[in-house]
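Asks: This is the structure I have questions about; it appears just below.
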Amino acid sequence: MSMKATIMHKKISENQNKMQDFVDRYQSYYDNLDETLKLQILRSKAYEIHKNICEKKLFTSTIVVIVFCFASMRSNNTTNCLTEIMFDQAIIRAKELDQYFAKNQKPIGPLHGIPFSIKDTFDIENFGTYLFLALIEFF
327 MSMKATIMHK KISENQNKMQ DFVDRYQSYY DNLDETLKLQ ILRSKAYEIH
377 KNICEKKLFT STIVVIVFCF ASMRSNNTTN CLTEIMFDQA IIRAKELDQY
427 FAKNQKPIGP LHGIPFSIKD TFDIENFGTY LFLALIEFF
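Each residue of the sequence shown is one higher than the one before, counting from 327 in this note's numbering.
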């Protein structure tokens, strides 16, 4: 097996374990959320999510992150689009945002509660950067 294939198989296995761990911890919480609410979150534009968290208070940052994590896992099942699973970090940050908002009754900033993903070519401390895998093909 090539070095690239070995690295990819190891990362896929690691990601599957992280996703299963997330499902084990949050599946019942996710299942108890109203289906209409889940669809509303997934179909919302970023500014609508922000408004629904900060003004209308229809949902929390934590709920938004959980819904998006489950949606990204479904996408990953068919496209293998996730290279680094950072769900735990997202939940921790969402809870911090919810606590801040509850205490201060205002958002931290314009992206308060907005989940996002970044391309794996950006170097993030303690996480892999996989741009080099494409280079291995040529050497």
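Heads up, the beta-carbon is just placed ideally off N, CA and C, and yes, glycines get one too.
Go through its chain and collect everything with a Cβ distance to residue 472's Cβ below 8 Å, but skip five positions before and after it.
Replies: No answer is possible for residue 472: the residues shown for the chain start at 327 and end at 465.
Asks: How is residue 429 classed by DSSP in three states: helix, strand or coil?
Replies: Here residue 429 sits in helix by DSSP.
Asks: Using only the alpha-carbon positions, how far apart do residue 338 and residue 441 sit?
Replies: When rounded, the distance between both Cα atoms is 22 Å.
Asks: Considering only residues of the segment 362–400, which uninterrupted alpha helix (DSSP H) runs meet the minimum length of 4 residues and lie entirely inside it, listed in chain order?
Replies: Entirely contained in the segment 362–400, the alpha helix (DSSP H) runs reaching 4 residues are, in chain order, 372–380.
Asks: Using a threshold of 8 Å, state whether the C-beta atoms of residue 421 and residue 388 are closer than that.
Replies: Result yes, Cβ atoms of residue 421 and residue 388 sit closer than 8 Å.
Asks: Assuming residue 348 and residue 395 form a contact by the criterion Cβ under 8 Å, report the distance between their Cβ atoms to the nearest whole angstrom.
Replies: Sure, about 6 Å apart at Cβ, within 8 Å.
Asks: Using the beta-carbon count (16 or more within 10 Å), is residue 418 buried or exposed?
Replies: Classification of residue 418: exposed, given that the 10 Å Cβ count is below 16.
Asks: For residue 439, count neighbouring Cβ atoms within 10 angstroms of its own Cβ and tell me buried if that reaches 16, exposed if not.
Replies: Burial call: buried.
Asks: Assuming residue 386 and residue 424 make a contact with CB atoms under 8 Å, what is their CB distance in whole Å?
Replies: Contact holds; Cβ gap of about 5 Å.
Asks: Which same chain residues end up closer than 7 Å to residue 401 when comparing Cβ atoms and leaving out the 5 residues on each side of it in sequence?
Replies: Excluding sequence neighbours, residue 401 sits near 407.
Asks: Drop a sphere of 10 angstroms on the beta-carbon of residue 375, count the other beta-carbons inside from all chains shown, and report buried for 16 or more, exposed for fewer.
Replies: Buried is the call here.
Asks: Are residue 434 and residue 341 close, meaning C-beta to C-beta below 8 Å?
Replies: Contact flag unset, no.
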